[in-house]
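**Student:**
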Amino acid sequence: MQRTIALWKARARRVFYGWWIVGAGAALHAVGAGMLGHGFSAYFVSLQKEFTWNRTKVATAYSLVRMESGLLGPLEGWAIDRWGPRPVVLVGVALFGLGFLLFSQVDSFLTYMGAFSVIALGYSLSGFTPLSAAVVRWFVKKRSRAMGLTFAGQGVGGLLVPLVAWSIVRYDWRPTAIAAGVLIWIVGFPAALLVRHRPEPYGYLPDGAPAASGKDAASAPGERGVARDKVPAESQEFSAAQALRTPAFWLLAIGHAAAMAVVAAVSANQIPHMVQRVHLSLEAAGGVVGLLTVMQVTGQVSGGYLGDRFNKRALFVACMAGHSAGLLVLAYATSMAHLVLFATLHGLAWGVRAPLLQAIRADYFGTSSFATIMGMTNVVIMVAQVSAPLFAAWLADIQDGYQMAFTIIAAIAGAGAIFLFLARRPVHPAARAAATRAGSLAGR
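Remember, the numbering used here sits 1181 above the position in the sequence shown when you count from 1.
As C-alpha cells, this is what we get:
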C-alpha cells in the first residue's frame, strides 16, 4: 500500500502543477454550474407552484446573482491581484454552500432574496474571476487550451441537472437544495486548496518550462523542486487604468456582455419554456440540458485547442452566430428534435467561446492586473446578465411565452459578434511613446 502511494506521489510530481490548478478550477466550475448556473432552472417550476410567483419574480433571484457579481467585480479583482485567488475561493465556497442551506428554508420572497444574496456572493468569489486569474498566470503558449479545460467543468456540471431535476421530483426541492449545499462543500474545499496564484514562488515558469535547478520550493502535488526564477516579461503588461483607456477594453466588454445575455437568459428560462411550449416533463427537460452540456464540454475542449492555433476573434464571431441560430430554434421549437438541435448549436457555441475571451484579454493586456481588469469588465457584463433573464421572464409573462424574448436576445448575440470583431490588440502606451520618440529622432 505504501509503495502504491509513493508511486502515485512520484507520478504526480512529474505533472506540471498548472494542470492541477486546471483540474481544481474545472471541479469548482462543475459544482457551480450544476447547482446554480444550469441547475437553477430546475427549481423554477417548483418555486412557481409552491409560492404562486410569476416568472419575473422567480427569475429576480438569478439576476441578483449576476448583479452582485458585477458590483463586487472591481473589489474582488483587486483582492485577487493583491492576495491571490486561493483565500478568495475558500471564502466563496463557504458562502456558496451556506447559501443553499438557507435557500432550503425560505418561506417568503424576502427570505428567498436573502438566501440568494449569500449564494450570489459565494458563487462569485469561488468561480469565474479568481479561477481565470489563476489559470492565465500559469499558462502562456497553452493558455487557450488550459482555459478550455477549466471551463469544461461547467459542461460537466450541467450533466448534474438531470439528477437535480430527478431529485426535485422524487424528494422535493428543499432536500435537494440541502444536498446541493453539502456537495458544494465536499467538492469545493479540497479543490480550493489546490489553487495557487503565480508559478514563480513554487519554482516554475509558465507552461512548465524548465528553470535552473536549486532550492526546493514546494510541497504540493506536482510541484518540482527547482530554483525560483522570473518569467520573462510579457510583451504587454497593462495596468487596469491603462486598459480602461483603450477601445479594445470596451469592445471586448460589450461583446462579452452580449454573449452573457444569451447565457443568462437561456440558463434561467430554458426549462420552463420547454415544459410550457413542447410539453416536456421536468426530467425530460433536464435531459435536454444534459445534452447541451455534453456539447458544451466538447466545444470547450476543442475550443481551447483551436484558440491556440487560429484567430480567436474569428472563432468568437462564428460562436455568436451559433448562439443566435440556437436561440431561434429554441424559441420556436415544437418537438424534441428541435430541442436537440438547439442543445447542439448553443452548447457548442458556448463551449468554444468561453475560453477564448479570457485568453484574448490576457493576450491583449497581460496578466499582472488581469483580475482587476476582469473585475471592471464584470461591471459591464452585469448589465446584460441582470437584465436579460428578467427581460425574458417579463416578456413571457406578458405574452404567455418566450418566443419574442428569445428572438430579441438572438439579435443581441449577432450585435455582440460585431463588437468582438472590431476589438483589435491595443498598443501599450510605453511602446507608443517609444515609437513617437523614434519618429522624432528620425525626422531630425
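Ideal Cβ positions, reconstructed from N, Cα and C, are used throughout, including at glycine.
Just tell me which of Trp-1531, Leu-1209 and Ala-1540 has its CA closest to the CA of Arg-1267.
**Tutor:** The residue given as residue 1267 occupies position 86 in the sequence shown. Nearest of Trp-1531, Leu-1209 and Ala-1540 to Arg-1267, Cα basis: Leu-1209.
**Student:** Tell me whether Val-1350 sits in a helix, a strand or coil according to DSSP, three-state version.
**Tutor:** The sequence position of residue 1350 within the sequence shown is 169, counting from 1. Helix.
**Student:** Can you tell me whether DSSP reads Asp-1578 as helix, strand or coil?
**Tutor:** As a position in the sequence shown, residue 1578 is number 397, starting the count at 1. It is helical.
**Student:** Does the Cβ-Cβ distance between Met-1563 and Leu-1520 come in under 8 Å?
**Tutor:** Working through the sequence shown from its first residue, we reach residue 1563 at position 382. Working through the sequence shown from its first residue, we reach residue 1520 at position 339. Contact: no.
**Student:** Nearest by alpha-carbon distance to Cys-1500: which of Ser-1483, Asn-1450 and Ser-1516 is it?
**Tutor:** The sequence position of residue 1500 within the sequence shown is 319, counting from 1. Cys-1500 has its Cα closest to that of Ser-1483, out of Ser-1483, Asn-1450 and Ser-1516.
**Student:** Tyr-1513: buried (16+ other C-beta within 10 angstroms of its C-beta) or exposed?
**Tutor:** If you number the sequence shown from 1, residue 1513 lands on position 332. So Tyr-1513 counts as exposed.
**Student:** Leaving out the 5 sequence neighbours to the left and right, which residues in its chain are closer than 6 Å to Ala-1446 when beta-carbon positions are compared?
**Tutor:** Locating residue 1446 in the sequence shown gives position 265, where the first residue counts as 1. Correct list, in chain order: Ala-1569, Pro-1570, Ala-1573 and Ile-1590.
**Student:** Provide the residue span of the alpha helix (DSSP H) that contains Ser-1448, from first to last.
**Tutor:** The sequence position of residue 1448 within the sequence shown is 267, counting from 1. 1428-1458 is the extent of the alpha helix (DSSP H) around Ser-1448.
**Student:** What's the C-alpha gap between Val-1212 and Arg-1606?
**Tutor:** The count along the sequence shown starts at 1 and reaches residue 1212 at position 31. The count along the sequence shown starts at 1 and reaches residue 1606 at position 425. Spanning the two alpha carbons is a distance of roughly 34 Å.
**Student:** Quick check on Ala-1518: buried or exposed, where buried means 16 or more other Cβ atoms within 10 Å of its Cβ?
**Tutor:** On the sequence shown, position 337 is the one that residue 1518 refers to. Result: exposed.
**Student:** Is it the case that the region 1594-1608 contacts the region 1288-1305, given that we only count it when at least three CB pairs across the two stretches are under 8 Å?
**Tutor:** These segments do not touch.
**Student:** Could you say which of Gly-1199, Gly-1369 and Ala-1440 lies nearest to Leu-1538 if we only look at CA atoms?
**Tutor:** The residue you call residue 1538 lines up with position 357 of the sequence shown. Residue Ala-1440 is the option with its Cα nearest to Leu-1538.
**Student:** For Ala-1137, which residues in the same chain have their Cβ closer than 6 Å to its Cβ, ignoring the five residues on either side in sequence?
**Tutor:** The requested residue 1137 is not part of the displayed model; the chain covers only 1182 to 1625.
**Student:** Mind checking Lys-1323: buried by the 16 CB within 10 Å criterion, or exposed?
**Tutor:** Locating residue 1323 in the sequence shown gives position 142, counting from the first residue. The residue is buried, with at least 16 neighbouring Cβ atoms inside 10 Å.
**Student:** Please list, in chain order, all residues of the same chain as Thr-1474 whose beta carbon is under 8 Å from its beta carbon, the five residues on each side excluded.
**Tutor:** Position 293 of the sequence shown, counted from the start, is the residue given in the question as residue 1474. Here the set comprises Ala-1214, His-1219, Gln-1335, Gly-1336, Val-1337, Gly-1338, Gly-1339, Leu-1340, Val-1342 and Gly-1528.
**Student:** Roughly how many whole angstroms lie between the Cα atoms of Gly-1280 and Leu-1291?
**Tutor:** Position 99 of the sequence shown, counted from the start, is the residue given in the question as residue 1280. Position 110 of the sequence shown, counted from the start, is the residue given in the question as residue 1291. So the alpha carbons of these two residues sit roughly 14 Å apart.
**Student:** For the structure I just gave you, are there three or more beta carbon pairs, one from the region 1358-1378 and one from the region 1196-1206, closer than 8 Å?
**Tutor:** Yes, since at least three Cβ pairs between the region 1358-1378 and the region 1196-1206 fall closer than 8 Å, the two stretches touch.
**Student:** With DSSP collapsed to three states, give me the class of Pro-1380.
**Tutor:** Sequence index remark: in the sequence shown, residue 1380 carries index 199 (1-based). DSSP places Pro-1380 in coil when its eight states are reduced to three.
**Student:** Do you know offhand how far Val-1608's Cα is from Phe-1419's?
**Tutor:** Within the sequence shown, the letter at position 427 stands for residue 1608. Within the sequence shown, the letter at position 238 stands for residue 1419. Their Cα atoms are separated by approximately 10 Å.
**Student:** For a quick check, are the C-beta atoms of Gly-1206 and Asn-1559 less than 8 Å apart?
**Tutor:** Along the sequence shown, read from residue 1 onward, the residue named residue 1206 stands at position 25. Along the sequence shown, read from residue 1 onward, the residue named residue 1559 stands at position 378. It is not a contact, given that the beta carbons lie outside the stated cut-off.
**Student:** Jot down the residue ranges of each uninterrupted alpha helix (DSSP H) in the region 1229-1290, minimum 4 residues, whole runs only, in chain order.
**Tutor:** As far as the region 1229-1290 is concerned, its whole alpha helix (DSSP H) runs of at least 4 residues are 1236-1264 and 1266-1284.
**Student:** Given a threshold of 16 other Cβ atoms within 10 Å of its Cβ, counted over all protein chains shown, does Ile-1365 qualify as buried or as exposed?
**Tutor:** Looking up residue 1365 in the sequence shown gives position 184. Its Cβ being crowded by 16 or more others within 10 Å, Ile-1365 is buried.
**Student:** Just tell me which of Phe-1491, Leu-1461 and Gly-1362 has its CA closest to the CA of Phe-1284.
**Tutor:** Here residue 1284 is taken as the residue at index 103 of the sequence shown, counted from 1. When each option's Cα is compared against that of Phe-1284, the closest is Gly-1362.
**Student:** Mind listing, in chain order, the continuous alpha helix (DSSP H) runs of no fewer than 4 residues lying wholly within the region 1497-1567?
**Tutor:** Segments of the alpha helix (DSSP H) lying fully in the region 1497-1567: 1517-1546.
**Student:** Using the three-state DSSP reduction, which class does Asp-1388 fall into: helix, strand or coil?
**Tutor:** As a position in the sequence shown, residue 1388 is number 207, starting the count at 1. It is helical.
**Student:** I need the straight-line Cα distance from Thr-1427 to His-1437, nearest angstrom please.
**Tutor:** The residue given as residue 1427 occupies position 246 in the sequence shown. The residue given as residue 1437 occupies position 256 in the sequence shown. Going by the C-alpha atoms only, they are around 16 Å apart.
**Student:** Check whether the Cβ atoms of Phe-1602 and Arg-1494 sit closer than 8 Å, and answer yes or no.
**Tutor:** Along the sequence shown, read from residue 1 onward, the residue named residue 1602 stands at position 421. Along the sequence shown, read from residue 1 onward, the residue named residue 1494 stands at position 313. Taking 8 Å as the Cβ cut-off, Phe-1602 and Arg-1494 qualify as a contacting pair.
**Student:** Below 8 Å CB to CB, which residues in the same chain sit around Met-1248 once its five sequence neighbours on both sides are set aside?
**Tutor:** Indexing the sequence shown from 1 puts residue 1248 at position 67. The answer, listed in chain order, is Ala-1301, Met-1563, Gln-1566 and Val-1567.
**Student:** Any idea what DSSP makes of Phe-1600, helix, strand or coil?
**Tutor:** In the sequence shown, residue 1600 corresponds to position 419, counting from 1. Helix, per DSSP.
**Student:** Please list, in chain order, all residues of the same chain as Asn-1235 whose beta carbon is under 6 Å from its beta carbon, the five residues on each side excluded.
**Tutor:** In the sequence shown, the residue the question calls residue 1235 occupies position 54. Closer than 6 Å at Cβ, skipping near neighbours: Asp-1578.
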